[in-house]
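With positions in the sequence shown counted from 1, the corresponding number in the working numbering is that position plus 229. In this text, a Cβ means the ideal position worked out from N, Cα and C, and glycines have one as well. What follows is a short report on a single structure.
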Amino acid sequence: MQERTVTISNRLGLHARAAARLVRRASQFTSTIELLREDTGETADGKSILSVLLLAAARGTSLIIKTEGDDEQRALDALVELVEQKFEEELSDGVF
Numbered sequence: 230m231q232e233r234t235v236t237i238s239n240r241l242g243l244h245a246r247a248a249a250r251l252v253r254r255a256s257q258f259t260s261t262i263e264l265l266r267e268d269t270g271e272t273a274d275g276k277s278i279l280s281v282l283l284l285a286a287a288r289g290t291s292l293i294i295k296t297e298g299d300d301e302q303r304a305l306d307a308l309v310e311l312v313e314q315k316f317e318e319e320l321s322d323g324v325f
């Protein structure tokens, strides 16, 4: 099992479009992926859009991403990169 803590830093938090990107990226891997909201202890299946949205992770929320399986390190690296890139939306929206 691998895990890393990330902070949601994009302007709108983990809203529908960002959550969809996260789930799409997570679904590319065979590993199980769990998100844990540090402040509330709530968990989400990283491959379920509804589960991810129910975290209601606003800007500044810390999440622990946990991966387990054959490609756990690659999955973790890809998801951390996506969060650190603000779900690739602020670059495409022209907002920095």
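With DSSP as the reference, label Gln-302 as helix, strand or coil. By 1-based counting over the sequence shown, the position of residue 302 is 73. Correct three-state label for Gln-302: helix.
Whole beta strand (DSSP E) runs in the region 258 to 284 with 3 or more residues, listed along the chain? If we require 3 residues or more, the beta strand (DSSP E) runs fully inside the region 258 to 284 come out as 261 to 266, 272 to 274.
Could you check what DSSP says for Leu-241 in three-state terms: helix, strand or coil? Looking up residue 241 in the sequence shown gives position 12. Note: Leu-241 maps to coil in three-state DSSP.
Phe-325 classed as buried or exposed, judged by whether at least 16 other C-beta atoms fall within 10 angstroms: Here the question's residue 325 lines up with position 96 in the sequence shown. A caution first: Phe-325 carries a pLDDT of 46, below 50, which makes its placement in the model too unreliable to give a value.
Go ahead and label Arg-288 buried or exposed: buried means 16 or more other beta carbons lie within 10 angstroms of its beta carbon, across all protein chains shown. Position 59 of the sequence shown, counting from 1, holds the residue named residue 288. When all chains shown are included, Arg-288 counts as exposed.
Per the DSSP calculation, Ser-256 is bridged to which residue(s)? Here residue 256 refers to the residue found at position 27 when the sequence shown is read from its first residue. According to DSSP, Ser-256 bridges with nothing at all.
Does the distance from the C-beta atom of Val-309 to that of Ile-294 stay below 8 Å? As a first step, residue 309 must be located in the sequence shown, where it is residue number 80. As a first step, residue 294 must be located in the sequence shown, where it is residue number 65. Contact flag set, yes.
Under 8 Å between C-beta atoms of Gln-231 and Gln-302: Here residue 231 refers to the residue found at position 2 when the sequence shown is read from its first residue. Here residue 302 refers to the residue found at position 73 when the sequence shown is read from its first residue. Yes, the pair counts as a contact, with Cβ atoms nearer than the cut-off.
Between the beta-carbon of Ala-307 and the beta-carbon of Ser-260, is there less than 8 Å? Taking the first residue of the sequence shown as position 1, residue 307 is located at position 78. Taking the first residue of the sequence shown as position 1, residue 260 is located at position 31. Taking 8 Å as the cut-off, the beta carbon of Ala-307 is found no closer than this to the beta carbon of Ser-260.
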